[in-house]
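Q:
Residue numbers (our numbering): 1 to 101.
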């Protein structure tokens with residue numbers, strides 16, 4: 001059985017991973033498989049345009065992605081998130097760990 005992963009593309013030299021409407025623990029394997037074959041120095045952007053819900057386990061999953069891509073030399077970019085998701089990032093102090101665009 002093929003491992004599921006989220007849609008991804010390359011835009012301006014950056015790997016862009018499009019996330020699903022609900023980002024939660026059940027998505028862990030799909031999220032990980034979306035990036036684990038990529039070089040660890042890859043510049044990454046997570047596209048949150050479709051995301052309406054993020055649970056606490058999803059925050060942990062994003063931190064694991066941050067660790068994986070630490071060699072890139074710049075923070076992972078979060079783009080397209082709505083006001084509610086942005087508030088979750090703010091409360092979690094993700095603005096200090098990621099680039100919130």
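We treat Cβ as the ideally placed atom computed from N, Cα and C, and that holds for glycine. All of these numbers come straight from a predicted model, not from anything done at the bench.
Count the other CB atoms, across all protein chains shown, that sit within 10 Å of the CB of residue 1; report buried if there are 16 or more and exposed otherwise.
A: Stepping through the chain shown from its first residue, residue 1 is reached at position 1. Because the pLDDT of residue 1 is 44, which lies under 50, any placement of that residue in the model is unreliable, and the number read from its coordinates should be weighed accordingly. Looking at its Cβ environment, which holds fewer than 16 other Cβ atoms inside 10 Å, residue 1 is exposed.
Q: Would you identify the three-state DSSP class for residue 78, choosing helix, strand or coil?
A: For the purposes of this step, residue 78 is identified with residue 78 of the chain shown, where counting begins at 1. Looking at residue 78 - three-state DSSP - the assignment turns out to be strand.
Q: With a threshold of 6 Å on Cβ separation, who are the neighbours of residue 23 within its own chain once the five nearest residues in sequence on each side are excluded?
A: As a working mapping, residue 23 is identified with position 23 in the chain shown. Contacts found: 51, 54 and 58.
Q: Should residue 10 be labelled buried (16 or more other beta-carbon atoms within 10 Å of its own) or exposed?
A: In the chain shown, counting from the first residue as 1, residue 10 sits at position 10. Exposed: under 16 other Cβ atoms inside 10 Å.
Q: Note down, in chain order, each residue of its chain lying with its Cβ closer than 6 Å to the Cβ of residue 41, except the 5 sequence neighbours on either side.
A: For the purposes of this step, residue 41 is taken as residue 41 along the chain shown, with counting starting at 1. Closer than 6 Å at the Cβ level, and outside the excluded window around residue 41, lie 71 and 72.
Q: Among residues of its own chain, excluding the 5 on either side of residue 14, which ones have a beta-carbon nearer than 6 Å to its beta-carbon?
A: Locating residue 14 in the chain shown gives position 14, where the first residue counts as 1. Once the five neighbours on either side are set aside, the close Cβ partners of residue 14 are 43 and 45.
Q: Buried or exposed: where does residue 29 fall if 16 or more other Cβ atoms within 10 Å of its Cβ makes it buried?
A: Translated into the one-based positions of the chain shown, residue 29 becomes position 29. Exposed: under 16 other Cβ atoms inside 10 Å.
Q: Once DSSP output is grouped into helix, strand and coil, what is the label at residue 41?
A: Taking the first residue of the chain shown as position 1, residue 41 is located at position 41. Coil.
Q: To which residues does DSSP link residue 94 through a beta bridge?
A: The residue you call residue 94 lines up with position 94 of the chain shown. Paired residues: none, contrary to the question.
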